[in-house]
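For reference, the structure is listed below as structure tokens.
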Amino acid sequence: MEKMENEIINIESVHFTEDYIKDIKAILHSAKAQSYRAVNSVMIQAYYLVGFRIVEQEQKGEKRAGYGEKVIENLSKALNAELGSGMSAAHLWNCRQFYLTFRDSAILSTLCRELSWSHIRLIMRLGSEAERNYYINEAKQGTWSVRELERNIKTDMFHRVLQNQIEPTSAKGEAKAVENHIKDPYILEFLGLKPEIATSEKGIENAIISHMEKFLLEMGKGFSFVERQMHIKTETQDFYIDLVFYNYILKCFVLVDLKKGSLKHQDIGQMDMYVRMFDSLKKCDDDNPTIGIIFCADKDESIVKYSVLNESEQIFASKYRTVLPTEEELQLELDRNRLFLQLR
Numbered sequence: 045m046e047k048m049e050n051e052i053i054n055i056e057s058v059h060f061t062e063d064y065i066k067d068i069k070a071i072l073h074s075a076k077a078q079s080y081r082a083v084n085s086v087m088i089q090a091y092y093l094v095g096f097r098i099v100e101q102e103q104k105g106e107k108r109a110g111y112g113e114k115v116i117e118n119l120s121k122a123l124n125a126e127l128g129s130g131m132s133a134a135h136l137w138n139c140r141q142f143y144l145t146f147r148d149s150a151i152l153s154t155l156c157r158e159l160s161w162s163h164i165r166l167i168m169r170l171g172s173e174a175e176r177n178y179y180i181n182e183a184k185q186g187t188w189s190v191r192e193l194e195r196n197i198k199t200d201m202f203h204r205v206l207q208n209q210i211e212p213t214s215a216k217g218e219a220k221a222v223e224n225h226i227k228d229p230y231i232l233e234f235l236g237l238k239p240e241i242a243t244s245e246k247g248i249e250n251a252i253i254s255h256m257e258k259f260l261l262e263m264g265k266g267f268s269f270v271e272r273q274m275h276i277k278t279e280t281q282d283f284y285i286d287l288v289f290y291n292y293i294l295k296c297f298v299l300v301d302l303k304k305g306s307l308k309h310q311d312i313g314q315m316d317m318y319v320r321m322f323d324s325l326k327k328c329d330d331d332n333p334t335i336g337i338i339f340c341a342d343k344d345e346s347i348v349k350y351s352v353l354n355e356s357e358q359i360f361a362s363k364y365r366t367v368l369p370t371e372e373e374l375q376l377e378l379d380r381n382r383l384f385l386q387l388r
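Position one of the sequence shown corresponds to residue 45 (our numbering), numbered consecutively onward.
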């Protein structure tokens, strides 16, 4: 009997493998995640209903001036007395704004299911519905953390991406799908570059490699890193492309050439050559045409207008900023780019 029990124990221990433990952990982690999402969804719905009830109560007041403040303060005191801390006046004001911002929005169910209250508090302060919807969808699809969302709002990703989607007044027609993936400017403050390093193309390249995850987030959807200093060899010469990416949405390679100074016509010619060579020597038959982006510290719009960049569907020039610009600086940059695109 003792021998049989030992054999049973040994047989059972054989199945106690790493895969077995991993499966159990995965089940528990999944359950915890689902539990968190369920609680998060219920609480966000509750905050929405609290906001609705506050607004409903305000509308019963005969005098509007100062009435809302009194309602919020009294409600906060009453709730905290019974429920404990957590229902501050500031939180209740957020509930109120949440309801007022999204009461007519079809995207409310997405908010409750996909995003946290911290995400929502950032998004509901944005001025336009289009802007709010953009960040809601991007945060959901990209599984952005609250910090990533805050950074993308601060750097005005919405307008940096959408400015390329403005319909030009020229015969060029509607914005192309490729252009919708190109930003101008790119904000690279996360590289943490000191001024002396920022003047070196090699220094910028090394910093990008060290912060590749954040750089891919700044590049946009669908980008994956392929290689740095990719070697392309012809019959007579050797060439090295700074950074090569692949975009699975566009189904094409994207070449990035880093320039420490202002854009020059030689830079455009070089990128045009790189793109043509890459299409000939590296691109697979089922890939779309290769895209080239010249990252430059500054660019003369006249060079852009009177070069192949103006009509090219494959080559783009974008400024990069290694420090976070102020809201005013960024807005001026975007306004200038938008005007230039409309005049082309």
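We put the beta carbon where it would ideally sit given N, CA and C, even for glycine.
Determine the contact status of residue i and residue j, defining contact as a CB-CB distance below 8 Å.
{"i": "G95", "j": "R140", "result": "yes"}
{"i": "R180", "j": "L159", "result": "Sequence check: residue 180 is Ile here, not Arg. Yes, these two residues count as a Cβ contact at 8 Å."}
{"i": "Y318", "j": "G336", "result": "yes"}
{"i": "S85", "j": "C156", "result": "yes"}
{"i": "V21", "j": "E233", "result": "Outside the displayed span of the chain (45 to 388) sits residue 21, for which this structure offers no information."}
{"i": "A341", "j": "K295", "result": "no"}
{"i": "L136", "j": "I167", "result": "no"}
{"i": "L287", "j": "T334", "result": "no"}
Within 10 angstroms of the Cβ of residue i, are there 16 or more other Cβ atoms? Answer buried if so, exposed if not.
{"i": "I293", "result": "exposed"}
{"i": "E100", "result": "exposed"}
{"i": "I68", "result": "exposed"}
{"i": "N196", "result": "buried"}
{"i": "L127", "result": "exposed"}
{"i": "P212", "result": "Because the pLDDT of P212 is 42, which lies under 50, any placement of that residue in the model is unreliable, and the number read from its coordinates should be weighed accordingly. That one is exposed."}
{"i": "Y91", "result": "buried"}
{"i": "H275", "result": "exposed"}
{"i": "G264", "result": "buried"}
Assuming residue i is part of the beta strand (DSSP E), what are its boundary residues?
{"i": "S172", "result": "First-last for S172: undefined, no H or E at that position."}
{"i": "I151", "result": "Looking at the DSSP string, I151 is not in any beta strand (DSSP E), and its letter there is neither H nor E."}
In whole angstroms, what is the alpha-carbon distance linking residue i and residue j?
{"i": "S189", "j": "A183", "result": "8 Å"}
{"i": "G305", "j": "E175", "result": "33 Å"}
{"i": "P229", "j": "R204", "result": "7 Å"}
{"i": "M201", "j": "E377", "result": "13 Å"}
{"i": "D63", "j": "A77", "result": "21 Å"}
{"i": "A109", "j": "L170", "result": "At A109, the pLDDT of 43 sits below 50, so the modelled position is not reliable; the number obtained from the coordinates is stated separately. Rounded to whole angstroms, A109 to L170 spans 25 Å at the Cα level."}
{"i": "F322", "j": "F297", "result": "9 Å"}
{"i": "A122", "j": "M131", "result": "9 Å"}
{"i": "L374", "j": "R380", "result": "10 Å"}
How far does the alpha helix (DSSP H) with residue i in it extend, from its first residue to its last?
{"i": "M263", "result": "256-263"}
{"i": "Q432", "result": "Nothing in the structure corresponds to residue 432, since the chain is present only between 45 and 388."}
{"i": "D316", "result": "309-325"}
{"i": "Y143", "result": "133-146"}
{"i": "V367", "result": "Counting along the chain, V367 falls outside any alpha helix (DSSP H), and DSSP gives it neither H nor E."}
Comparing alpha-carbon positions, which option in the options lies nearest residue i?
{"i": "E192", "options": "L136, L261, Y80", "result": "L261"}
{"i": "G93", "options": "E194, H309, T145", "result": "What sits at residue 93 in the sequence shown is Leu, not Gly. Here the closest residue by C-alpha is T145."}
{"i": "V83", "options": "R147, K114, K66, W161", "result": "W161"}
{"i": "A10", "options": "K238, P333, S351", "result": "Nothing can be reported for residue 10: it is not among the residues displayed for the chain, which extend from 45 to 388."}
{"i": "A150", "options": "I226, E173, S129", "result": "E173"}
{"i": "R81", "options": "L235, T370, Q310, S153", "result": "S153"}
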